[in-house]
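Below is one structure, written out as structure tokens, with a few remarks after it.
There are 2 protein chains.
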Amino acid sequence: MISFTEEMASCAADVERALDRLLTEERLTGPGVPPERLVAAMRHGSLNGGKRLRPLLVRQAAGVFGMPKDRSLVAGLAVEAVHCYSLIHDDLPAMDDDDLRRGQPTVHKAYDEATAILAGDALQTLAFDLLAGEDCHPDPAVRVRLVAELALGAGAGGMVGGQMRDIEGETGGFSDGEITRMQAMKTGALIRAAVRMGALLGGAGDDALGQLTVYAEAAGRAFQLADDLLDVTASAEAMGKATGKDARNGKQTLVGLIGVDATRRHLAELTHDALSALVPFGEEADGLRATAMHFASRER
Amino acid sequence: MISFTEEMASCAADVERALDRLLTEERLTGPGVPPERLVAAMRHGSLNGGKRLRPLLVRQAAGVFGMPKDRSLVAGLAVEAVHCYSLIHDDLPAMDDDDLRRGQPTVHKAYDEATAILAGDALQTLAFDLLAGEDCHPDPAVRVRLVAELALGAGAGGMVGGQMRDIEGETGGFSDGEITRMQAMKTGALIRAAVRMGALLGGAGDDALGQLTVYAEAAGRAFQLADDLLDVTASAEAMGKATGKDARNGKQTLVGLIGVDATRRHLAELTHDALSALVPFGEEADGLRATAMHFASRER
Chain A
504 MISFTEEMAS CAADVERALD RLLTEERLTG PGVPPERLVA AMRHGSLNGG
554 KRLRPLLVRQ AAGVFGMPKD RSLVAGLAVE AVHCYSLIHD DLPAMDDDDL
604 RRGQPTVHKA YDEATAILAG DALQTLAFDL LAGEDCHPDP AVRVRLVAEL
654 ALGAGAGGMV GGQMRDIEGE TGGFSDGEIT RMQAMKTGAL IRAAVRMGAL
704 LGGAGDDALG QLTVYAEAAG RAFQLADDLL DVTASAEAMG KATGKDARNG
754 KQTLVGLIGV DATRRHLAEL THDALSALVP FGEEADGLRA TAMHFASRER
Chain B
504 MISFTEEMAS CAADVERALD RLLTEERLTG PGVPPERLVA AMRHGSLNGG
554 KRLRPLLVRQ AAGVFGMPKD RSLVAGLAVE AVHCYSLIHD DLPAMDDDDL
604 RRGQPTVHKA YDEATAILAG DALQTLAFDL LAGEDCHPDP AVRVRLVAEL
654 ALGAGAGGMV GGQMRDIEGE TGGFSDGEIT RMQAMKTGAL IRAAVRMGAL
704 LGGAGDDALG QLTVYAEAAG RAFQLADDLL DVTASAEAMG KATGKDARNG
754 KQTLVGLIGV DATRRHLAEL THDALSALVP FGEEADGLRA TAMHFASRER
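So the sequence lines, in the order shown, correspond to chains A and B. Positions in the first sequence are counted from 1; adding 503 to them yields the numbering used here. Positions in the second sequence are counted from 1; adding 503 to them yields the numbering used here.
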């Protein structure tokens with residue numbers, strides 16, 4: 504059995520390779536040919552050595568039902584395209600105003616704001632394009648469910664709504680419940696979508712889908728708490744991006760409200776919840792187990 | 504038989520009513536509840552008395568195959584949601600920097616830039632959500648084709664790519680061929696998608712789809728030329744937005760390059776092409792005919 508680190512690296516390499524092939528003027532064609540600059544900006548915002556955790560979750564959740572990993576890659580790319588678009592838009596001056604991401608200039612720094620807005624827009628469109636194609640899954644009924652699931656996770660009641668609440672929260676005064684609800688949307692919704700999409704790809708029944716949703720919600724929450732902890736405890740060098748900036752930007756996090764130790768205890772509880780939800784599954788769910796444990800202990 | 508003006512008004516009223524019901528915190532729900540401010544900005548950018556030409560084209564193209572108008576409404580809403588999102592983003596300071604749209608403050612003026620970016624993002628997601636649902640069409644195989652069609656029209660090789668080329672064109676030097684290719688993407692691609700989506704909803708075979716695509720490309724081009732002519736010839740009062748601004752912004756249009764008279768002649772030829780493509784169809788295509796003639800003669 505391969506280690507979690509090896510599995511993550513292998514998935515990330517598959518995603519990187521597939522995105523590299525996909526994000527070209529030849530492959531992105533429509534009624535017209537995509538402008539070179541737009542494609543370059545889409546590549547800059549996507550081919551950046553990310554951990555590709557969302558495609559990994561799609562793969563692992565589909566794997567619970569025995570689906571070979573190459574058959575869940577396209578759906579994974581779709582979730583990753585949404586994630587990348589959201590980072591490009593979140594980094595904009597009107598939003599979080601970040602100059603660096605993973606040690607590289609953000610898209611609006613490397614290009615300009617207009618190009619960054621459009622590159623994000625086009626990556627979102629690409630996500631749904633990927634899910635609609637036969638390469639994603641042979642059954643159209645499965646493909647539309649994936650479209651609906653990704654839209655639910657990405658939209659006003661999910662990721663984008665969470666980013667809006669996060670910005671509103673900068674004026675202060677969020678309770679811990681409000682922070683939890685905001686984060687469940689901002690980062691949790693897409694992680695939830697990734698796991699559920701994997702389960703749907705694999706042909707999960709209602710009960711299994713329900714269990715994996717419980718897993719996804721706990722794991723997504725754990726992931727966010729780990730991220731908040733890292734922002735406080737890690738050095739900028741280790742993270743490849745500015746740290747301690749949540750506090751400087753007046754961003755509300757649970758760590759800021761209840762402290763590092765209480766947050767760590769909460770993270771351990773959530774990891775327990777995520778693992779408990781996997782009890783009905785056999786060793787096919789070991790990947791999802793390893794990911795939840797990784798969230799609990801990750802250093803970057 | 505009702506007049507074109509009546510048909511357009513009736514479709515616009517249906518779209519307005521449906522969007523009004525759809526864009527609420529109750530209906531847009533996901534893993535979380537959408538923030539009030541985000542929903543308000545989405546409403547501001549959509550419920551603005553637009554002509555709703557794209558849903559009309561979906562309806563008319565589906566009508567060629569006998570589909571009742573209420574059964575093509577959801578797909579029409581999806582195309583309109585993409586159109587509205589593109590207007591919100593195009594109006595941003597980093598893009599066209601417009602303060603007014605249809606006599607009202609643009610979304611970033613009424614709210615702020617971050618909210619406008621997110622409202623546009625969420626409207627794009629909503630479009631695909633609408634297409635994925637059973638209310639759109641009972642057959643998932645049709646629904647995924649609609650998703651693919653809209654993504655093709657909206658993405659890097661379509662609408663977004665066209666907006667990128669338009670911005671690049673502000674530095675000047677476009678030939679008439681380059682302007683035509685840019686406009687075929689920026690406005691043409693979504694009009695093409697609307698017509699083809701209507702045809703697919705109606706169950707068009709390959710030949711009919713091909714003919715309607717020829718119609719859509721000619722009509723879309725005619726629509727853009729009429730718009731460019733209006734920018735030169737109409738008063739700001741009649742348009743409810745700033746006019747003459749293409750030239751002031753250094754935007755390249757065919758009118759600027761070949762003049763008003765030559766553009767009018769070209770518009771007449773395109774209208775002829777659009778109507779010719781409809782020859783194989785009977786009176787069920789009268790709606791599409793009226794729309795093409797409206798583009799040729801519209802005053803606002």
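Don't be surprised by glycine CBs; every beta carbon is placed ideally from N, CA and C.
Q: Give the residues from the region 518-550 of chain A that approach chain B closer than 8 Å (Cβ to any Cβ), ordered along the chain.
A: From the region 518-550 of chain A, only Leu531, Thr532, Gly533, Pro534, Gly535, Val536, Pro537, Pro538, Arg540, Leu541, Val542, Met545 have a Cβ closer than 8 Å to chain B.
Q: Whole angstroms is fine: what's the gap from A/Asp573's alpha carbon to B/Asp669's?
A: The straight-line gap from Cα to Cα measures roughly 39 Å.
Q.
With distance defined between alpha-carbon atoms, name the residue in A/Val763, A/Gln755, A/Ala544 nearest to A/Thr736.
A. A/Val763
Q) Taking A/Ile694 as the reference, which of A/Glu681, A/Val717, A/Gly672, A/Gly705 has the closest Cα? A) A/Val717
**Q.** CB of B/Val536 within 7 Å of CB of A/Ala635, strictly
**A.** No, the pair does not count as a contact, with Cβ atoms beyond the cut-off.
(Q) I want to see whether chain A comes within less than 7 Å of B/Ile620, judged by CB atoms only; does it? (A) yes
Q) Going straight from the alpha carbon of B/Ala711 to that of B/Ala564, what length do you get? A) 10 Å
Q: Kindly indicate which three-state DSSP category A/Ala512 falls into: helix, strand or coil?
A: helix
Q: Compare the C-beta of A/Pro608 against all C-beta atoms of chain B and say whether one is closer than 7 Å.
A: no
**Q.** DSSP-derived helix/strand/coil call for A/Ala603
**A.** Sequence inspection shows Leu at residue 603 of chain A; the Ala mentioned does not correspond to that position. Correct three-state label for A/Leu603: strand.
Q) Who pairs with B/Pro608 in a beta bridge, going by DSSP? A) Looking at the DSSP output, B/Pro608 shares a beta bridge with B/Leu603.
Q: Anything in chain B within Cβ reach of A/Asp632, meaning under 8 Å, just list it in chain order.
A: Val650, Ala651, Ala654, Leu655, Gly658
Q: Determine the chain A residues that contact B/Gly665 at a beta-carbon separation under 7 Å, and present them in chain order.
A: Within 7 Å Cβ-Cβ: Gly535.
Q.
Helix, strand or coil, according to DSSP, for A/Glu673 in the structure here?
A. coil
Q.
What does the Cβ neighbour count give for B/Ala619, buried or exposed, with the cut at 16 atoms within 10 Å?
A. Buried is the call here.
**Q.** A/Ala512 to A/Glu519 span [Cα, whole Å]
**A.** When rounded, the distance between both Cα atoms is 10 Å.
Q.
Can you look up B/Leu595 in the DSSP assignment and give me helix, strand or coil?
A. coil
Q. CA-CA distance, B/Glu539 and B/Arg546?
A. 11 Å
**Q.** Within the region 532-565 of chain A, ranges of the alpha helix (DSSP H) (whole runs, at least 4 residues)
**A.** 539-549
(Q) Looking at chain A, is there any beta carbon in it that lies within less than 7 Å of the beta carbon of B/Val582? (A) no
Q. Got a sec? Which residues, its chain only, sit under 8 Å from B/Gly785 by beta carbon, not counting five neighbours each side?
A. none
Q: To the nearest angstrom, report how far apart B/Asp602 and A/Gly533 are at their CA atoms.
A: 31 Å
Q. The alpha helix (DSSP H) with A/Tyr718 in it runs from where to where?
A. Element bounds for A/Tyr718: 709-736.
Q | Where A/Arg803 sits in the DSSP three-state scheme | A | Low per-residue confidence applies at A/Arg803: pLDDT is 47, beneath 50, and the placement is therefore not dependable, though the value from the model is reported in the following sentence. Reduced to three states, the DSSP call for A/Arg803 is coil.
Q | is_contact[A/Val647, chain B] using C-beta, thresh 7 Å | A | Chain B, which has a Cβ nearer than 7 Å to the Cβ of A/Val647, makes this yes.
Q) Between the C-alpha atoms of A/Met662 and A/Gly691, what's the straight-line distance to the nearest angstrom? A) Those two C-alpha atoms are separated by around 8 Å.
Q: Check B/Ser779 in the structure and name its three-state DSSP category.
A: helix
Q) Mind checking A/Val647: buried by the 16 CB within 10 Å criterion, or exposed? A) buried
Q: Pull up the distance between the alpha-carbon of A/Lys689 and that of A/Asp593, whole angstroms please.
A: 11 Å
Q: Find the nearest neighbour of B/Ala687 within the set B/Asp709, B/Gly708, B/Ala725, judged by alpha-carbon distance.
A: B/Ala725
Q: Starting from the C-beta of A/Val561, find all residues in its chain whose C-beta is less than 8 Å away, skip the five residues before and the five after it, and write them out in chain order.
A: Ser575, Ala578, Gly579, Val582, Ala697, Val698, Met700, Gly701, Leu704
Q: Find the residues of chain A that neighbour B/Leu629, judging by a C-beta separation of less than 9 Å, and give them in chain order.
A: Those within 9 Å of B/Leu629 in chain A are Ala654, Gly658, Ala659.
Q. Once you ignore the five residues that flank B/Cys514 on each side, which residues in its own chain have a CB closer than 8 Å to its CB?
A. The beta carbon of B/Cys514 is closer than 8 Å to those of Arg555, Pro558, Leu559, Arg562, Lys572, Gly579 in its chain, skipping five residues each way along the sequence.
Q) Taking B/Val585 as the reference, which of B/Ala654, B/Asn551, B/Ala613 has the closest Cα? A) B/Ala654
Q: Using alpha carbons as the reference points, say which of B/Tyr588, B/Gly606, B/Glu616 lies closest to A/Pro596.
A: B/Glu616
Q: Look up B/Lys572 in the DSSP assignment and say whether it is helix, strand or coil.
A: The answer is helix: DSSP assigns B/Lys572 an H, G or I state.
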